[in-house]
Amino acid sequence: MPNIQSSVKSVRQDSKINAANSAKKAEMRTAIKKARLAKAEGADNSAELVNLAFKKIDKAAKTNLIHKNAAARYKSNLTK
Numbered sequence: 001m002p003n004i005q006s007s008v009k010s011v012r013q014d015s016k017i018n019a020a021n022s023a024k025k026a027e028m029r030t031a032i033k034k035a036r037l038a039k040a041e042g043a044d045n046s047a048e049l050v051n052l053a054f055k056k057i058d059k060a061a062k063t064n065l066i067h068k069n070a071a072a073r074y075k076s077n078l079t080k
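UniProt numbering puts the first residue of the sequence shown at 1, with every later residue one more than the last.
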């Protein structure tokens, strides 16, 4: 643990930001899994779940949680 006030604050902020980013990334991954399962089973709401997954992917790419090319790859694989 650092002794300098600004470093202590930085560590505190980093842990909060890390927790938030992990949660957002997990939400995105869950949305992708649900969309893939729905498409595989031929569910009625598969298009709706794919759109939700696209929204989560785009938001993650916009906030630099994932690279823009990774987002494009995820979206491409979902549309196949």
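Ideal placement from N, C-alpha and C gives every residue a C-beta, glycine not left out. Bear in mind the structure is a predicted one, so any value in this text is a computation, not a measurement.
- Shown here, ASP44 sits in coil according to DSSP, grouped into three states, outside any helix or strand.
- In this structure ALA71 is in contact with ALA61, their Cβ atoms being roughly 4 Å apart against a cut-off of 8 Å.
- Counting only the Cα atoms, LEU78 lies some 7 Å from ARG36.
- If you look at ASN69, you'll find it in the alpha helix (DSSP H) that goes 68-79.
- Taking each of SER76, ARG73 and ILE66 in turn and checking the Cα distance to LYS25, the smallest one comes out for ILE66.
- Rounded to the nearest angstrom, the Cβ distance from ILE57 to LYS75 is 6 Å, consistent with a contact under 8 Å.
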